[in-house]
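Residue numbers (UniProt numbering), protein chains in the order written: chain A, 1 to 260; chain B, 1 to 260; chain C, 1 to 260.
Next comes the structure, spelled out in structure tokens:
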């Protein structure tokens, strides 16, 4: 029954778009950090993906606006895609890539020059339901920290050498941002004054997070600024621009229970 | 007895040659794509190797003319060589390499500067007999397609992501060259007009080939033009120049049975 | 008891130093070729490490003078360090690195910018005793050969393709230096006149050495000149400068028994 509904939705749907191969590869990579398959909403104003990793520890919300495409036409539908196969179809692409939904064959056409793939769609109803909102709760009083993706990645790598979790903290009195990790005999600390960060709003924050998930996220970050929102035993939100501002990725990573 | 004959032939044989290490490495690599050991014919006009892979699916015919060498002297003999050991002997070489047959010790001397190897020869009679001719049958009415080795390699890589075989076809009416591969849910197609290829002679062609063998071949291709000859359920021939035209490599790959 | 003594020594000890991350990484790498943990003597005039590999086949003596540091203060003590964890602490470092002994927490502070590690010290008495002297015996009449680390490394790589041991020899009559290795069917030789080497003092030398140990050593050598001392069935000594002459590494590798 679900299948029928999905087909019906697709049958009247239309989607054609053209964008640079690099831009599309960046999107697939950002999503692939957490999931193998995802539902892609092909809306008139652009495409959007919300997805949650199988262990429900982390989620991603990716938006690529129509302005990020050289050409973009969508009547509005949702399709399911296997990311590893889309990645392979983009791997050999050079220059720009044409995407087109082919409802009659239940496939997505991915073409670059005269190289053309027809990728079988996945039934969206067979894919894990994404959370409704992947965004900081409006009522939560969270710290905001802007730092370079490069610094964040180096701190996560440093922690990864010592432990399987790390602590992100903001000390509102001292106006400092801290990353801490410790193993049996060694400790790592990054301790930076808020005044030395590109952006800093002090609120008390202290959360323990999984190093594995943060590494998966850190690999996708740009070298330039990324925005963190963090609280006390609260999910971490990491947000950065895509496609020169015509898109955006937000990751949410749930905190681990603190060992007491 | 075979051994005695081989030694007798070598005893009166003489071979000394000098060539660039890069040129010799390219030859060893082209042969190593299909075989571990091979018979090398050291003729007065240059060297020649014909060899067939152990599964007898593919064969290679390599010719390196005396003009490709800085110095070349051979009275005419055939020796057996283990390619992995020759590859190691060339790996540390820089600039030019001297090769010399030493019949008295049953070795090939490979020297570069004051680095010198003595490689034990393999009895040629212990190496699989190569086919007499690795070339399109004169009588066969085959299509001829010239395209860049880079394009061929990318198409093979694209197919490799989906299936263990691909189809090469020429449609004589439409004057088009096609590469097709399909898995359970996805398909790949490269479809190019003959007029958009550097060279094209239309004849009906439609053969299914092993992706593994084509990948081994594709890794050895230059980025520039390579010549394909193909027919209906017929071996594929891939030919390209070596050593700025003073040599040539031809691969033949047998078609797979078509699933019907 | 040993622990008490070590702690007592540290309690009154002080060590603070600053040096480039690259320079420190080179030291850790040179030591890590042979050992996982080592005793580091932090003397007023610089640091020194003597260590022997677990199989007692090879030893290393490394000296980094205070002039190699941007800042160096030490009252004189010996600490034990785990090299893999120090390597990780230096891996994310950029520019200069501050080292400081913290006797009260039994740790070494390793800081680069606002990235800071506290590495737990290892009890020095738990680390294998290093040999007193890692240097040619004054009374031994050894050959001295100076050649580029690059040539030495290429010769060791060449030998490694054929056998698990090689022979280093000097022929005093012919004034030649030779590296030889042989497998079942193949042989490698590097044969160079002493006059063609940057430095050469002829004495009879002929020793068989393990290729595995020489590869570990060769990976650490500079491309420029290194000094070898060698004799008849005698340990090989390989010495080269560190930190533009403000430091030095010497490796000793024991000879293998000759197959007779």
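The beta-carbon is built from N, C-alpha and C at its ideal position, and this holds for glycine as well.
- Listed along chain A, no residue sits closer than 9 Å to residue 15/C by beta-carbon distance, the nearest being about 18 Å off.
- Per DSSP, residue 12/C lies in no alpha helix (DSSP H) and is assigned neither H nor E.
- Along the stretch 136–158 of chain B, the positions whose C-beta sits under 8 Å from a C-beta of chain A are 154, 155, 157 and 158, read in chain order.
- Using a CB distance cut-off of 8 Å, residue 120/B counts as an interface residue toward chain C.
- Look at residue 129/C here: in three-state DSSP terms it is coil, with no helix or strand label.
- For residue 92/A, the neighbours in chain B by C-beta distance under 7 Å run, in chain order, 154, 157 and 158.
- The Cβ atoms of residue 247/B and residue 68/B sit closer than 8 Å to each other.
- Bounds of the alpha helix (DSSP H) holding residue 217/B are 211–218.
- In terms of Cβ geometry, residue 151/B and residue 206/B do not form a close pair [threshold 8 Å].
- Taking a Cβ-Cβ threshold of 9 Å, the residues of chain C close to residue 187/A are 107, 116, 117, 118, 119 and 120, in chain order.
- Distances from the alpha-carbon of residue 144/A to those of 254/A, 80/A, 203/A and 19/A put 203/A closest.
- With respect to chain C, the C-beta atom of residue 191/A has a partner C-beta closer than 8 Å.
- Per DSSP, the continuous alpha helix (DSSP H) segment holding residue 90/C begins and ends at 83–91.
- Taking a beta-carbon distance threshold of 8 Å, residue 161/C counts as an interface residue toward chain B.
- Within the stretch 70–99 of chain B, the residues whose Cβ lies closer than 7 Å to some Cβ of chain C are 85, 88 and 92, listed in chain order.
- Between residue 83/B and residue 37/B, the CB-CB gap stays under 8 Å.
- With respect to the C-alpha of residue 252/A, the residue from 32/A, 186/A and 53/A having the closest C-alpha is 53/A.
- Residue pairing by DSSP places residue 63/C opposite 48/C and 248/C in a beta bridge.
- Taken atom to atom, the span from the alpha-carbon of residue 128/A to that of residue 156/A is near 28 Å.
- If you ignore the 5 residues before and after residue 31/B, its C-beta comes within less than 8 Å of the C-beta of 38, 49, 51, 60, 62 and 83, all in its own chain and listed in chain order.
- Taken atom to atom, the span from the alpha-carbon of residue 35/A to that of residue 58/A is near 10 Å.
- DSSP, read as helix, strand or coil, puts residue 138/C in coil.
- Counting only runs that start and end inside the stretch 137–212 of chain B, the alpha helix (DSSP H) elements of at least 4 residues fall at 149–160.
- Here residue 227/A carries a strand assignment [DSSP, helix/strand/coil].
- Residue 201/B has its alpha-carbon roughly 11 Å from the corresponding atom of residue 171/B.
- For the pair residue 65/A and residue 19/A, the CB atoms are not nearer than the 8 Å cut-off.
- In the DSSP assignment, residue 24/B falls outside any beta strand (DSSP E) and within the unbroken alpha helix (DSSP H) covering 21–32.
- Distance between residue 56/C and residue 163/A, taken at the CA atoms: about 33 Å.
- One alpha carbon belongs to residue 12/B, the other to residue 103/B, and they sit about 8 Å apart.
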